[in-house]
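Quick notes on the structure that follows.
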Amino acid sequence: MWLIYTLMTNLEKELSIKAAEAIKEVYKTDVSSESIAVNLTKKDFEGDYTLVTFPLARTSKKSPEETANDLGSFLEEHWEIVDQFNTVKGFLNLNFKDSFWLNVFNEMQSDPDYGKHPPTGNKVVLEYIGPNTNKPLHLGHIRNMLLGFSIGEILEARGHEVVKVNIYNDRGIAICKSMVAWLRNGEGKTPESTGIKGDHFVGQFYVEYAKIEDEESKSFLDKGMEKEEAAKETSVYKEAQEMLIKWEAGDKEVRALWKKMNGWVYEGFNETYKKLGVGYKKAYHESDTYILGKNLVEEGLEKGCFYKKEDGSVWVDLTDEGLDEKILLRSDGTSVYLTQDLGTAQERFKDFKMNDSLYVVGNEQDYHFQVLKLTLQKLGKEYADGIRHISYGMVDLPEGKMKSREGKTIDADDLVEEMVSKSEEHTIELGKIEDLDESERGDLFRILGLGALKYFILKVQAKKRMLFNPEQSIELQGDTGPFVQYTYARIQAILRRDAGAVFNKDNINLNPSEKELIKILYRLAEVVDEAARNYDPSVIASYTIDLAKLYNRFYAEVPVLKAESDDEKNFRISLSKIVGEKIRFCMALLGIEVPDQM
RNA sequence: GGCCCCGUAGUUCAAGGGAUAGAACAAAAGUUUCCUAAACUUUAGAUCCAGGUUCGAGUCCUGGCGGGGCUACCA
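Those letters in the first sequence? Residues 484 to 1081, by this note's numbering.
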């Protein structure tokens, strides 16, 4: 009958309800269970869960300590799963019986999907990556890709239907610059002829453009022009400008070149996505959606929620909402960034009829997404309310912000490669993989290198900015991906020797480290929910490292295969097995693989 | 100027208004006849400043100081 209190119950909630009942009985006063604070007991104190009685002193008309004692006695007597209690000041620490925790454990065993939530019927479109097509991906994109992918996995585990999509900013002056530079100095070279990855190849010409422009600017600077002004006077800039106009006009030659160069870039990007293990169902292109946006602007003008200025430009007035007026169409009728996003949003809803639209985009666009949402709300779009900007902080280098123009970036491909070779070096040094063949080794180094990189990025809360020091590189020891992976590999080593254990009793005594493991496993479903609610993989990352740490302590303190009794041995093997499964589950939520051996 | 975000050990990160602010790296010391020492166990070390709200503040409010972002007919 205790089963009704186990897996599907939120024990903290249950405890606050029980406490409210106790208060009613003992003090004859009604208190809402929501007002009762329950926490996990801090590790320096004895107990599983803790009830805070300071706020209850008013209703009990006794000291917090006496209140805690009253409630503790009552609960011990009237709630069969309570083993014992102790009080420290206004804190009531409750211990639950081992048999209760063993029942929790047995239920977990019988539900291999424990941690996942049932389908909610909620459909979510998640946009991430969103690169420009004129240069290769860098560390900032890595953070975006890892966050976006992981959030998608977490939301799926929470029971939502998730459609991942990408958006390519594939048009505009930046791409034209690469094109101009390639025409001038490319000598007909291609990624194939040079053996350079497509996105890097095109990126080189973006840099090349800047060189030409600087060179040509000199004479104008000498005449005393401002830097920006001078740049616009250069012939190379004028060519780029001209190319942009031709592009907009649909000039065949320009379009063909544009297609060719973007094609190179996509090939390169796809390689990087594959290496990182990220993907998406559909890609949108701003070269398509900017036109769709114009229709929405027209619609807004008809509905009277936008207005036209004398020069012909179209605006939306958001001053009532505490923002500014924002431009939607230039006076020459061309669209701006916001116009494109309106079009993309509309198209996306047509494609997927989702309830929520998530945008994983850096926090420098916080304002933009406020504007986007408000504008669509003004238009009365049904999908507007479901728009959510998942805003993440910049990745800083020790010298400050990354600046692609100054070459102060960390290239995504380089970084992945560096991490893989670092883990290779370390693994070979430790010498535990003699029995693996060449391809197994390659897989392992990749799993470990990516694990280190991904964990390093994802353990930091998305909304915070984070620092990356390329000098120090990424650790393989301590609070890292390989630490968790190592724990998993250890477990697999045990299971290779004896995996047939069956355990279903509730009458053995638990060691502290065993009980801690059951307790943390018990929280998994709730942790997934919390991560999903906050769109925050770091919740999963810190849970996973805690789980691995607790297992490593258990492993050091308690013999598994050489346990004293069969019951203990079977229990410990079963426990190890579940810990391994849940580590793999959590790491998968982070987009990280785990090895059987390392 | 206006708006938004952020200041926690030497460093990188944690802490749903609750106990003595947790980890990891770096530093110091220990643990391999026993399931993988990428591990485990110790030691030392922090809430930017000043007020306020509260039984209780790293967390909430006000004002400083410091850092970052946005505020383009750029994306």
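Don't be surprised by glycine CBs; every beta carbon is placed ideally from N, CA and C.
Small disclaimer: the values here were computed from a predicted structure and weren't measured.
Check residue i in the structure and name its three-state DSSP category.
i: residue 809; result: strand
i: residue 570; result: strand
i: residue 484; result: Unreliable positioning characterises residue 484 in this predicted model, as indicated by a pLDDT of 42, which lies under 50. The coordinate reading is nonetheless provided below. Reduced to three states, the DSSP call for residue 484 is coil.
i: residue 956; result: coil
i: residue 1070; result: helix
i: residue 610; result: strand
i: residue 763; result: coil
i: residue 673; result: coil
i: residue 870; result: strand
i: residue 515; result: coil
i: residue 949; result: strand
i: residue 1043; result: coil
i: residue 1048; result: coil
i: residue 1053; result: helix
i: residue 668; result: helix
i: residue 699; result: helix
i: residue 705; result: helix
i: residue 839; result: strand
i: residue 734; result: coil
i: residue 902; result: helix
Kindly list the residues whose CB is nearer than 6 angstroms to the CB of residue i, restricted to its own chain and excluding five residues on each side of it in sequence; keep chain order.
i: residue 754; result: none
i: residue 1070; result: 1077
i: residue 797; result: 780, 789, 791, 811 and 812
i: residue 484; result: A caution first: residue 484 carries a pLDDT of 42, below 50, which makes its placement in the model too unreliable to give a value.
i: residue 557; result: 505 and 509
i: residue 1034; result: 970 and 1062
i: residue 594; result: none
Based on the DSSP secondary-structure assignment, which residues constitute the bridge partners of residue i?
i: residue 624; result: Looking at the DSSP assignment, residue 624 forms no beta bridge with any residue, so it has no partner.
i: residue 639; result: Its beta-bridge partners do not exist; DSSP assigns none.
i: residue 797; result: 791 and 812
i: residue 493; result: None, per the DSSP bridge assignment.
i: residue 647; result: 609
i: residue 720; result: Looking at the DSSP assignment, residue 720 forms no beta bridge with any residue, so it has no partner.
i: residue 845; result: 875
i: residue 532; result: 523 and 577
i: residue 652; result: 615
i: residue 682; result: Looking at the DSSP assignment, residue 682 forms no beta bridge with any residue, so it has no partner.
i: residue 768; result: 651
i: residue 894; result: 621
i: residue 818; result: 812
Quick one: residues in its chain with C-beta nearer than 8 angstroms to the C-beta of residue i, no 5 flanking neighbours on either side, listed in chain order?
i: residue 673; result: 684 and 747
i: residue 1010; result: 1022, 1023 and 1026
i: residue 486; result: Reliability fails at residue 486, whose pLDDT of 44 lies under 50, so the model's placement of it is uncertain and the value that follows must be treated cautiously. Same-chain partners within the cutoff: 586 and 590.
i: residue 731; result: 817
i: residue 852; result: 842, 844, 870, 872 and 874
Consider the C-beta atom of residue i and the heavy atoms of the ligand GTP; say whether any pair is separated by less than 8 angstroms.
i: residue 715; result: Although the ligand GTP was asked about, the structure shown includes no ligands whatsoever.
Enumerate in chain order the residues of its own chain whose CB-to-CB distance from residue i is below 7 angstroms, with the five nearest sequence positions on each side excluded.
i: residue 1001; result: 584, 587 and 588
i: residue 626; result: 875, 878 and 940
i: residue 723; result: 656, 659, 660 and 663
i: residue 773; result: 818, 822, 823 and 826
i: residue 986; result: 1053, 1054 and 1057
i: residue 633; result: 941, 1020, 1072, 1073 and 1074
- Item | Length at least 4, wholly inside the stretch 966-1037: the alpha helix (DSSP H) runs in chain order | Whole alpha helix (DSSP H) segments, 4+ residues: 995-1005 and 1007-1017.
- Message: Using 8 angstroms as the cut-off, can you tell me whether the stretch 945-962 makes contact with the stretch 871-884, which would need three or more C-beta pairs spanning the two stretches below that distance?
- Response: The stretch 945-962 vs the stretch 871-884: in contact.
- Segments of 3+ residues assigned as beta strand (DSSP E) that fall wholly inside the stretch 534-610: For the stretch 534-610, whole beta strand (DSSP E) runs of length 3 or above, ordered along the chain, are 565-571 and 574-579.
- Query: Quick check: the stretch 657-668 against the stretch 781-795, are there 3 or more CB pairs under 8 angstroms?
  - Reply: Note that the stretch 657-668 does not touch the stretch 781-795; fewer than 3 beta-carbon pairs, one per stretch, sit closer than 8 angstroms.
- With a cut-off of 8 angstroms, do at least 3 Cβ pairs link the stretch 889-906 to the stretch 848-867? No: the two stretches stay apart, fewer than three of their Cβ pairs being nearer than 8 angstroms.
- Task: Say whether the stretch 722-730 touches the stretch 604-620, bearing in mind that this needs 3 or more beta-carbon pairs closer than 8 angstroms, one atom from each stretch.
- Result: Too few Cβ pairs lie closer than 8 angstroms, so no.
- Item | Three-pair Cβ contact test at 8 angstroms for the stretch 989-997 versus the stretch 1038-1047 | Short answer: they touch.
- Query: Within the chosen definition, does the stretch 924-936 reach the stretch 641-655 through at least 3 CB pairs nearer than 8 angstroms?
  - Reply: Flag = no, the stretch 924-936 and the stretch 641-655 do not touch.
- Message: Does the stretch 974-982 come into contact with the stretch 562-572, if we say contact requires no fewer than three beta-carbon pairs (one atom in each stretch) closer than 8 angstroms?
- Response: In this structure the stretch 974-982 does not touch the stretch 562-572; the number of beta carbon pairs closer than 8 angstroms is below three.
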